[in-house]
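As structure tokens, the structure follows; a few thoughts come after it.
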Amino acid sequence: MKLLYISLFSLSIVLIHAQKDPNFVGNRSTIVHLFEWKWLDIAKECEDFLAAKGYGGVQISPPSENLVIHLDSVGRPWYERYQPTSYQIISRSGNLDEFKEMTRRCNNVGVRIYPDIIINHMTSGDGVGIDGSTATASTKSYPAVPYTWDNFHDTCSITNYNDATMVRNCELVGLKDLNQGYEYVRGKIVDYLNNLIDMGVGGFRVDAAKHIWPSDLNVIYSRLNNLNTDFGFAENSRPLIYQEVSDYGGEAVKREEYTPMGRVTEFRYPSSIGNVFQGNDKLTYLVNWGPGWSFMPDEDALVFVDNHDIQRTGGDQILTHSNPKPYKMANAFMLAHPYGQPRVMSSFGFTDQDQGPPHDDNDNIISPQINPDNTCTNGWICEHRWREIYNMVAFRAAVKGTDIKNWWSNGDQQISFCRGDIGFVAFTDGGDIDQDLNVCVPPGTYCDIISGDLVDGKCTGKVVEVREGSVARIQLGYNEFDGVIAIYTYAKL
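As structure tokens, then:
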């Protein structure tokens, strides 16, 4: 009996670790959130850009059918995607066949797909889904699943975040709260997720996990299939699980309740990195970046500079694309530093926080158009196509598995460090850097991948000459466009 217990315990440890593994191909190590992109546009982006630049996976918008909402101010808001009416695979992003084509084409070029899944709740109002499924929130009736009144928690509002039972059993902003403790509800959710796994996804972002009992999530996760080997996943691979749990401290629900089952979104990260790169904290303090800043352990954390929620409602601490220089610097630091599993945001422009993606007169999402310089038009921001970000994605892939060494600081707003003997970065947010530093890479001429690209053996930006002993004169002006310089062995001329 004791041996059986030990075996089961060991198996549970293996599964827990596996559910934190993104199942990337090779040294890829970054996720990008292509917020509200269409499935076939994502497939094309995987083939044309993401694979070549070293991105490992894409977080996609919820694929399940959602309530169609019309607002007088903005038309169809982005958040309608977070109000499911069924678990059918159809949305503004595309239908079932297009979803299957996306997973096939992206996996074929080594880019994984991670759907955002809505399993905490259904809708807050009555209406019809994008494929005609009805939703009657007043009676908690969703016949396309089907769910009825008996499958939900009692009707109540969350008014006290120091009451964990209320947070998990009451309704988040009026959204009808499913009872995942019921076997029937668990079964419907498991069927939905296993259907996605069968179609080639590599894992899931679990929306509103904070509002679901961890014990119920654990049961659901334990019943998920292994990843489908037809899409290049290794035998017995488990889906990546990363759970949305906003824990800033001081509330009843703790992020540590969820880390035994998968990664958790580290919501203390965006405000902290935003404060640093907006000058409210010193760069020199980044020397102990990670758990030293009250973050979760490295293997538990999904990290990000911003996301689709906090770029709208996060306040002045949050950096977004609207403040490009410090935003690029923060992303470059996130990608250069080994802490956590990074996710890059890719947005559309908006003037109202409820505004949905770019669309035509019939509410069809408009595809991004790509400029010769890799940037996007048609209302899309495409931060993942900014040179300072995509080149650091490649940098991160190249230095994967190496540690930080040769940390240098002027004691204030200038820092630099190496990643093993492969890469070097320097940042200034105050004053000019002009001095010799040990950059760790072998002697030679290197292209600064922040100011330019290495194209046909030539650098379109600044170059750095590394002398014997891996010493280089690093010159980086405070008033320069980016405030970062980065070199690595794959950008050697």
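Numbered per mature numbering (1 follows the signal peptide of the UniProt record, and there is no 0), the sequence shown spans residues -18 to -1, 1 to 475. All C-beta atoms in this analysis are idealised placements derived from N, C-alpha and C, irrespective of residue type, glycine included. None of these values were measured; they are calculated from a predicted model.
Check your understanding: From Val7 to Gly38, what distance separates their C-alpha atoms?
Key -> 7 Å
Practice item. Starting from the C-beta of Asn461, find all residues in its chain whose C-beta is less than 7 Å away, skip the five residues before and the five after it, and write them out in chain order. Key: none
**Study point:** Nearest-angstrom beta carbon gap, Asn48 and Ser73 [assumed within contact, 8 Å]
**Key:** 6 Å
Practice item. Can you tell me which of Lys170, Val56, Val246 puts its alpha carbon nearest to the alpha carbon of Asp280? Key: Val246
**Study point:** Nearest to Asn142 (by Cα), restricted to the options Lys158, Glu165, His193, Leu160
**Key:** His193
Exercise for review: State the Cα-Cα distance for the pair Ala468 and Asp342, rounded to the nearest angstrom.
Suggested key: 40 Å
Exercise for review: Give the DSSP bridge partners of His341, in chain order.
Suggested key: Ile347
Point to revise | Neighbourhood of Ile292 by C-beta distance below 7 Å, restricted to the same chain and skipping five residues each side | key: Pro252, Ile300
Exercise for review: Under 6 Å Cβ to Cβ from Lys20, same chain only, skipping five residues before and after it: list those, please.
Suggested key: Ser75, Gly76, Ile347
**Study point:** Among Ala283, Gln395, Gln337, Leu265, nearest to Arg294 - alpha-carbon criterion
**Key:** Gln337
Review point. Just to confirm, does Pro125 get its C-beta within under 6 Å of one of the non-hydrogen atoms of the ligand FMN?
Key: Within the structure as shown, the ligand FMN is missing, as the structure has no ligands at all.
Point to revise | Collapsed DSSP secondary structure at Ile51 in the structure displayed | key: coil
Review point. Count the other CB atoms within 10 Å of the CB of Gln417; is the residue buried (16 or more) or exposed (fewer)?
Key: exposed
Exercise for review: Look up Pro45 in the DSSP assignment and say whether it is helix, strand or coil.
Suggested key: coil
Review point. Rounded to the nearest angstrom, how far is the Cβ of Leu32 from that of Val50, given a contact under 8 Å?
Key: That belief does not hold up - the Cβ atoms of Leu32 and Val50 are roughly 30 Å apart, past 8 Å.
Review point. If you pair each beta-carbon of the stretch 224 to 241 with each one of the stretch 254 to 264, do three or more pairs fall below 8 Å?
Key: no
**Study point:** Same chain, Cβ closer than 6 Å to Asn373, neighbours up to 5 away in sequence not counted
**Key:** Ile431
Practice item. Just tell me which of Phe409, Phe377, His52 has its CA closest to the CA of Asn108. Key: Looking at the sequence itself, residue 108 is Asp, so the reference to Asn does not match. Per the Cα distances, His52.
**Study point:** With 16 other Cβ atoms within 10 Å as the buried cut-off, status of Arg150
**Key:** buried
Review point. Does DSSP put Met327 in a helix, a strand or coil?
Key: strand
Review point. Which residue comes first and which comes last in the beta strand (DSSP E) that contains Ser254?
Key: That residue, Ser254, is in no beta strand (DSSP E); its alpha helix (DSSP H) goes 250 to 259.
Exercise for review: Using 10 angstroms around the beta-carbon of Leu206, count the other beta-carbons present and answer buried if the total reaches 16, otherwise exposed.
Suggested key: buried
**Study point:** C-alpha distance - Leu(-8) paired with His(-2), whole-angstrom precision
**Key:** Low per-residue confidence applies at Leu(-8): pLDDT is 45, beneath 50, and the placement is therefore not dependable enough to give any value.
Practice item. Tell me whether the beta-carbon of Ala454 lies closer than 7 Å to the beta-carbon of Val407. Key: no
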